Amino acid sequence: MSCSHYEAKVEHVDLPAISVNGVAIAEDELARELQYHPAASHAQALYSACRALVVRQLLVQRADALGLAADAEEGEAPEEARIRALIDREVGVPEADEASCRQWYETNPSRLTSPWRMRLRHVLLGCAPDDLEGRAKAREQAEELLAELRGHPERFAEKAMRFSDCPSKDDGGDLGWIEPGQTVPEFEKRLLQQQPGLLGHPLESRYGLHVVELIERDGGEPLDFAQARPRIAGYLRAQVLQRAVSQYISVLAGEAQIDGFVFDAAESPLVQ
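Numbering (full-length UniProt numbering), first residue to last: 1 to 272.
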């Protein structure tokens, strides 16, 4: 659904009159905000949009009270820059210590790996996720292809051009080098567990069954603690910051006069 379609739809819905410390949130602002909060029901979307605007107004008013100004970074709106400066000033978060980082590292083995890339080719036997009968047939066909390719690996490109439902069929199934995020997660996760060569079993994804030959791979090895520590520290700091921001917003809300909206401090604190 397009943004314009969504905005046209909500024009016919009664929107609540909300104010924060006497500053009203305009209906058109709320109508625009709704498009950023998809939900199972209009009531849920409306609540999330109202809360986001109330939180933003609380933070902006606090920045005004402190006389905060900030230079916007690339891609950042002036208001967002002032909120960032406010959080930096008023929400102190210590850096994660050595013991905390090491505990996380030991509790989450192999979660952090070196940058990786893989070169592969595949034959995609396309099938919808909910087509159980079609998936069973595709799996049977994939096993037959694998059996033939084990004895005749030189036929891979021929089989891809003949059977694959991926545009790469024109290149014999060759996908070239892929990096994190370039394929769907379920395919990528299974692929990372494989070693170079013709994979022994088909890989399944939302698109169907894949017969895969992993030609070459670089990286993807677990990082040692010294290499992983900066990333772990950043992750732990982000967790602590989220909780601290939640508490900070709860304090601001508790001191404010909010009309037309019941502020629930248990909701996510992230300004959207």
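Where a beta carbon is used, it is the ideal one built from N, C-alpha and C, also for glycine.
The structure presented is a predicted model; accordingly, all values stated were derived computationally and were not measured.
Three-state secondary structure (DSSP) of residue i
i           : result
Pro222      : strand
Asp28       : helix
residue 308 : Nothing about residue 308 can be read from this structure; the chain reaches only from 1 to 272.
Ser19       : strand
6 Å CB neighbourhood of residue i in its chain, flanking five on each side removed
i      : result
Ser268 : Per-residue confidence for Ser268 stands at a pLDDT of 40, beneath the threshold of 50, marking its modelled position as unreliable; the derived number appears in the next sentence. Answer for Ser268: no residue qualifies.
Cys101 : Arg229, Ile232 and Ala233
Arg243 : none
Phe163 : Val123
His37  : Ala45, Ser48 and Ala49
Proximal residues to residue i (C-beta, below 7 Å), its chain only, five neighbours per side dropped
i      : result
Pro153 : Leu198
Gly260 : Pro16, Ala17, Ile18 and Ser19
Ala157 : Gly172 and Gly173
Leu192 : Gly220
Residue of the options minimising C-alpha distance to residue i
i      : options                          : result
Arg117 : Glu221, His42, Ala228 and Ala238 : Glu221
Val245 : Ile25, Asp64 and Leu86           : Leu86
Gly254 : Tyr47, Val54 and Ala26           : Val54
Lys189 : Gly176, Arg155, Glu79 and Ser110 : Ser110
Phe263 : Ala40, Gln57, Pro38 and Arg32    : Gln57
Asp14  : Gly22, Tyr36 and His42           : His42
Residue i versus residue j - alpha carbon distance
i      : j      : result
Glu144 : Glu213 : 15 Å
Glu80  : Val60  : 9 Å
Leu132 : Arg139 : 10 Å
Ala24  : Arg51  : 14 Å
Met161 : Ser114 : 34 Å
Ala96  : Glu74  : 28 Å
Ala39  : Ser48  : 9 Å
Leu175 : His210 : 12 Å
Tyr6   : Pro78  : Any reading at Tyr6 must be qualified, since the residue scores a pLDDT of 39, below 50, and its modelled position is unreliable; no value is offered.
Glu29  : Asp170 : 49 Å
Residues bridged to residue i [DSSP beta-bridge criterion]
i      : result
Val212 : His122
Asp97  : Bridge partners of Asp97: none, in fact.
Ser205 : Gly208
Asp259 : Ser19
Sequence-distant residues of the same chain with beta carbon closer than 8 Å to residue i, five excluded per side
i      : result
Val184 : Ser205, Arg206 and Tyr207
Ala63  : Arg82, Ile83, Ala85 and Leu86
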